[in-house]
Amino acid sequence: MQPSKRPPIRALVTGALLLVVGSSCKQPTMNCTTAHLYYAAKYELTAGDPNSPCAQKGDILGMQTYFATGGINGTAKFSDPSAAIRPQYAGLLVAEALEYPVDVPGFTGEKGVEHWPNALGDFESGFPDDEDLCHVPELGPATFTRPELPAIPDDPMTPDVDESVAATPPTTVSYEWTDARWLNTPDAQGTQFEADLKFTQDGCTAEFHVVAVSPAVHCVTDEDCTATGNGINPDFAVECDNSINDPLNPDVADDPMTPEVDETADYGLCILAKPIPSYE
Amino acid sequence: MRRSAWITILGAVAAQAAVVSTAQAGPSDAVLVGVVRDASTGEGVEGAVVIVTGEKIQGERTMTTNVSGLYRIPNLPPGTYDVTVFAKDYGAGNKRTGLQLRAGVTIRVDVSLVRSGAREVIEVAVPAPTVDVGSSATGLSVDREMAQRVPIAIPTGKGAANRSFEAIAEATPGARNDTYGTSIAGTTSPENKYYVDGLSVNDPGFGLNGTGLSVEFLEEVRIEAGGYMPEHGRSTGGVINAVTKSGSNQFHGNVWAYYTPGQLEGRREIARREGDAIVTERNLNWIGDAGFDLGGRIIKDKLWFYGGVSIARTVYDLTSSWNRVVVDPDGNALIDPETKFTVTERIAGTTQRFKAQGTTVQALGKLTYSPNKRNTLELLAIYAPSLSGGNGTFGMNAQTGQPEVLNLIGDYGALARKYRDNATDLQFKWNWRDDEGKWNFDTILGWHHQLNQRNAVDGSRVGDTTGLAGTPSVIYRQSNNFYDADGMLLQPGMPGYREVHSLTDLTPMPAGAPAGACDPMMYTFTDPTTMDAQTRSVICPIRQWTAGGPGLLYDRRLDRLQAREIVTRLARGAGHHVIKFGVDFEYTQYNSNRGYSGNQIYREATSGTNFADFRMYSFLNGPDEANVIRNLNWNVMSTTIGGFIQDSWSIMDKVTLNAGLRYDAQHLFSGDRTLAMALPNQFSPRVGLIWDPTYSGKAKLFVNYARFYQSVPLNLADRAGTGEPGLQSFHNAIGPGACSDPLAPGANEPGGACTIDANRLLIGGPADPDQRWALASAGKTPIDPRLKPQSSDEIVAGGEYEIITDTRLGLQYTHRWIHRAIEDMSRDEAATYFIGNPGYGIAKDFPKAKRIYDAATLFIEKRFAKHWMITGSYTLSWLRGNLAGLFRPETGQLDPNTTSDFDLISLLENRYGYLPGDTRHSFKIFAAGEIVLGNGQFLRLGGAFRARSGGPTNFLASHVLYGFDESFILPRGSGERLPWNFSIDPTIGYTKVLRKDLRLTVSMDVFNVANFQQVLAIDERYTFDEVNPIKGGTAEDLANATTTGGAPITVNPNFGNPTLYQQPRQFRFGIRLSF
């Protein structure tokens, strides 16, 4: 066929446009973030006396990501994040004072005491690096001294019960986090964490390499860590570490009243089985 | 041309007319093709002149046949045409009259000529073929005759007032109305592609129809339910194309008015419910529309115009009254022994009347210019503003077409809003064709714009700091508690004893009510389930009450820019080919400015001890350092570029092979202008085979396979792709200086009782860096790097036969299933989300998204001819799966691709089953006829009949994080089926021809003439308690089921009770003057 001259040109243009359609096939990179639920952390001692009271085995860590102000139309600047880490151990020291039945001089009514255990630091960048890691080189030391918890006298109105509590001496703790890094992918939104920690309490110092996974799941066996619906990504390589004890979820001893059943449960926490990225 | 002297016409074998393809030229124009042959040799006649005339085109269109006798005349607007063929040595001419061309079809008219000496033009009336032997598309075409003669659009629901074209799509076999429009082939309405003259008018944000154009302005509505060609894409639902009228050389116009009075409404069944002290009845006051249109020439045979204006108004009455518990003289609350409901009585003088009303104006103008035979240019402009609410009235929800409130349980200023919803469309089309009819180019440019505003009734807007927009919305919802932790009954005054609010605590009693009618009094309430005798005092109990400001306000501006170029080439080679290819570019933009009045919604704890920041845009920039965002303003956008190539290959005139491929790539961008989601590589193959066993265009057997991809509406880029940061704190409501009422003067101001940190409860655990604030949501939702676009696959097969002239009978089968879905998911119970394909990629541990639709349809269609028409269908269908589509019918949640369907692991069980759209049997019959009374008078009769078996129901419970109705206690669809429902909608009319081309028609449509009051929906909320799904459970398991806390389940007293009945009988009166 011999089409007239003009149509093929227009047809060619249309055809050429067809060939250049489409562009990027990559999905966007996510913003740096910590996970929103608690982490179960394994503390591996790198320096210090393993038998000292400060040589902890692990802990539950709470984290939060903050964003600078000054984003578009009064919103947050997602490119400028910072992180906070708060170990449960330190948090319990503060909580104990907060809930103490009598005023704690130097603590009760003081401003900002509830934030004492928070260590804060800025992310290097708003986006993960080539290895999908987000880095916070240093989280400012969380150092605080909880004052003495005063003694509580016996209530004279209840002569048959002794309510008296002895005074608890003041204690000073310090957490210094360095080289903190989080895996940040859509599959692991800050849920795998690694860092170095220098922990000091009342003159005792220990240094740890910390590996943590979120959410914190209590376990007795490894199977508990891979149970469907426990919140941990099923692709993560995790295992149960019974050496870590969560004071809020203590081990259970056998009940001597029920000889036929063994109630013993050595509770630990599910931790990452490998260095991050820890995948099956 | 020279007309020879000795000619005959071979009339009998002359016209072989058949529709050969739906391969459209313009998006809605029809194409005429055919072969002119020598009757004795069968050879094509070269150089024959084919002339087409009709009122829809200027003068005539002519085309000369090529060497094989083939001609092709594209771009014929839908209408009736005459075709005349002249050929050298073949006589004076051969004329075919009355060819009816519908939108988008390609009609084939073959002509056989015999050398002869006849001197007159021979005229043959040719009924246009009804069987589309070149297409495997399923669906329905509603032309002007059918739209005007049959009461299809019922006067309720979306687009009802102005009888919009989407309301008509429900007539399609297998289609049904859903919350936001019409569901086609088991999909949800936002999955449809809505076109006006071939350009998309979908709401760029949510996928709904953005321009609900009245059928009065339309020549035809074409609904393609499935099996469509690659030129249609970006939709996994149906394709609904409204074809506007055009001007012609003759002047034509209409003036019309329709009115549905509420006074003539049939008796309404009222859903009886255990409930509150406020009962609201909703009744239609009136609904109606009026308008005119006019079309004609500006320059004869060159320039034509068409235009019109329509105004539609909907008014509902909302009547609320106060009710109190009936207490007998012994101090016992009365319980209805049958329903187990608490007996209540209306308090005299408490009736309050409100209206919910809205007005829509539509104006349309169109110019068609044809400077010469090669070019046609068209300019179309539509402006459709809507206003509703304000000045003491309630608004109409533009997305559903219903009043914005069901029950008036709150202050007017908190429940009512003022809406403004505008749609504007501008389109330019240019068609160029060569003289031989081989090449055809269509260039289409379009702009669709929407403005959607939700303002406070006092006129204050989002971001304002004064008036209602500056006042927070507060939800009071204290609950009853008559038991202590050990299950022991509590008495008034004991710690933990609590009652719901009394209405008079929250709002003054209407003037005119007897004083003290709601005063508390001690009475005994015997719980009908537990038989416990509870001591209560509140006799006007209210479970929830909203006060203060109107909550969420917004100002949304949406734009869609489109450019399409379609090239059609007619070719020969082992048969005839209609080859089409094109490019299709779309840019959409969604500027959403929204905020909560007074910055937030406060919600009372059921214990009454605190108020939560239920909704508040805010973020943290340090431990417990919250930043409140008064109004969140994002501007997100998307680009889609695509193209297609298709060939409709007619092999030996017996078999047609339609094959093609479509490619699309969509990219969504966040409010910060970075990429939000990439959806490239949408390769949609389509292949179909059609065989005409009669070889005469009277029958077809067909099979078609297609893959469809779904565009992602911008709501995803706005909410998940950019982020809606939110925080929650809990304000202590007990004690001196507490935040006991957020609406108290100054309480919500800086330094006020409800904004100071001292009143925020310490909610953090020992390891939480923030002790006063909890994160509700933060930034963007990450996307699975291996995300694939959402798609469905479809196989359709069937057959059709033209049983008598103008009438075809058909049977077709559709199997359509979701291939991949895009949804958001959380593995850690709402702490973090990601967007992916459920069951694939990083979401491979989630169940695959499923929606499987099977339907067999038997249909008959006789278009209007010889004074009558009928369209009827019976559809047997199944719809199973775990994903309904782009919205959640159970809760109405319209968040395309980010519904709560796959969000939480704890909710994933029991989700597979019969979906809400599952309708086993559906009958639809639409018929119309007219009786000639003589003397230019006609009696019009007709009507619609629908019958449908009932849908599935469920056992739903609450979820700790997601609230009511999110947990399927038993597998989806385990409940008892709803009953069948029927409706008969007859119409009667009278037409009088006043003088030539001037006729007056009066009509009366009666909807649901028998006033059937069948149940359309029941309360599926089995309990208000939090209950986890019982995997594969049955009704027997319910007795032993417990809440997530281990307590026995309290069954919702309203469970299984009707919540919705059929619309009562309604009359619609119409008058029309047409010329």
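Order-wise, the sequence lines are chains E and W. Letter 265 of the first sequence, counting from 1, is numbered 517 in the working numbering, and no numbers are missing. Letter 34 of the second sequence, counting from 1, is numbered 465 in the working numbering, and no numbers are missing. Positions of the beta carbon are idealized from the N, C-alpha and C atoms, including for glycine.
Checking 8 Å against the spacing of the C-beta atoms, do residue i and residue j come in under that value?
i: W/E809; j: W/K860; result: yes
i: W/L984; j: W/A887; result: yes
i: W/A1057; j: W/L1158; result: yes
i: W/Y1140; j: W/D1172; result: no
i: W/Q1221; j: W/A1175; result: no
i: W/G565; j: W/E655; result: no
i: W/G1487; j: W/I1449; result: yes
i: W/F1357; j: W/L1429; result: no
i: W/S645; j: W/S595; result: yes
i: W/R533; j: W/A584; result: no
Kindly list, in the order they appear in chain W, the residues whose Cβ is closer than 9 Å to that of residue i.
i: E/A287; result: D1259, A1262 and T1263
Run through chain E and tell me which residues come within less than 7 Å of residue i, C-beta to C-beta.
i: W/G1053; result: Y318
Under 8 Å between C-beta atoms, does residue i make it to chain W?
i: E/H470; result: no
i: E/K294; result: no
i: E/F330; result: yes
i: E/D506; result: no
i: E/N485; result: yes
i: E/G274; result: Interpretation of E/G274 is limited by its pLDDT of 44, a score under 50 that renders its predicted location unreliable; the figure taken from the coordinates is listed afterwards. Judged by the 8 Å Cβ criterion, E/G274 is in contact with chain W.
i: E/K257; result: At E/K257 the pLDDT is 42, less than 50, meaning the model places this residue with poor confidence; the figure from the coordinates comes in the next sentence. Judged by the 8 Å Cβ criterion, E/K257 is not in contact with chain W.
i: E/I324; result: yes
i: E/D518; result: no
i: E/L344; result: yes
i: E/Y481; result: The question names Tyr, yet the displayed sequence has Gly at residue 481 of chain E. So, interface residue.
i: E/C477; result: no
i: E/C277; result: yes
i: E/T327; result: yes
Listing by chain order, which chain W residues have their CB less than 7 Å from the CB of residue i?
i: E/R338; result: A1198, D1199 and P1200
i: E/T321; result: N1052 and N1058
i: E/A347; result: P1197
Got a sec: is the Cβ-Cβ distance from residue i to anything in chain E below 8 Å?
i: W/L1158; result: no
i: W/G457; result: Note that W/G457 scores 44 on pLDDT, short of 50, meaning its location in the model is unreliable; the coordinates nonetheless yield the value given after this. No - not a single Cβ of chain E is within 8 Å of the one on W/G457.
i: W/N680; result: no
i: W/A454; result: Any reading at W/A454 must be qualified, since the residue scores a pLDDT of 30, below 50, and its modelled position is unreliable; no value is offered.
i: W/I1336; result: yes
i: W/A373; result: This structure leaves residue 373 of chain W out entirely; chain W is present only between 432 and 1506.
i: W/N1112; result: yes
i: W/D1276; result: yes
Against residue i, what residues of chain E qualify as contacts under a CB-to-CB distance less than 8 Å, listed in chain order?
i: W/T427; result: Lying outside 432 to 1506, the shown extent of chain W, residue 427 of chain W is not represented and no answer is given.
Give the residues of chain E in contact with residue i, contact being defined as C-beta atoms less than 9 Å apart.
i: W/K1211; result: P280, M282, N283 and F330
Give me the chain W residues within the contact set of residue i, using Cβ-Cβ distance strictly less than 8 Å, ordered along the chain.
i: E/H367; result: P1054, D1055, P1200 and Q1202
i: E/Q441; result: P1213, T1263 and F1265
Practice task
For the region 664 to 700 of chain W, list the beta strand (DSSP E) runs that are entirely contained and at least 3 residues long, ordered along the chain.
Solution key: 670 to 675 and 683 to 692
Problem - Contact between the region 1213 to 1229 of chain W and the region 1243 to 1257 of chain W (3+ Cβ pairs under 8 Å) - result: yes
Exercise for the section: Could I get the ranges of all uninterrupted beta strand (DSSP E) runs contained in the region 483 to 528 of chain E, with 3 residues as the minimum, in chain order? Expected result: 490 to 493 and 520 to 524
Handout entry: Contained beta strand (DSSP E) runs [length at least 3] in the region 699 to 787 of chain W, N- to C-terminal order
Key = 709 to 730, 734 to 756 and 775 to 777
Handout entry: Residue ranges of each beta strand (DSSP E) within the region 1317 to 1380 of chain W, 3 or longer
Key = 1352 to 1365 and 1368 to 1379
Practice task
Counting only runs of 3+ residues fully inside the region 1072 to 1122 of chain W, write out the beta strand (DSSP E) ranges in chain order.
Solution key: 1086 to 1100 and 1106 to 1122
Problem - Segment contact flag, the region 1059 to 1073 of chain W with the region 1018 to 1030 of chain W, C-beta cutoff 8 Å, min 3 pairs - result: yes
Exercise for the section: Run through the region 1002 to 1051 of chain W for me and flag every whole beta strand (DSSP E) of 3 or more residues, listed as ranges in chain order. Expected result: 1007 to 1027, 1031 to 1035 and 1041 to 1047
Exercise for the section: Report yes or no: do three or more beta-carbon pairs, one from the region 509 to 517 of chain W and one from the region 464 to 482 of chain W, lie closer than 8 Å? Expected result: yes
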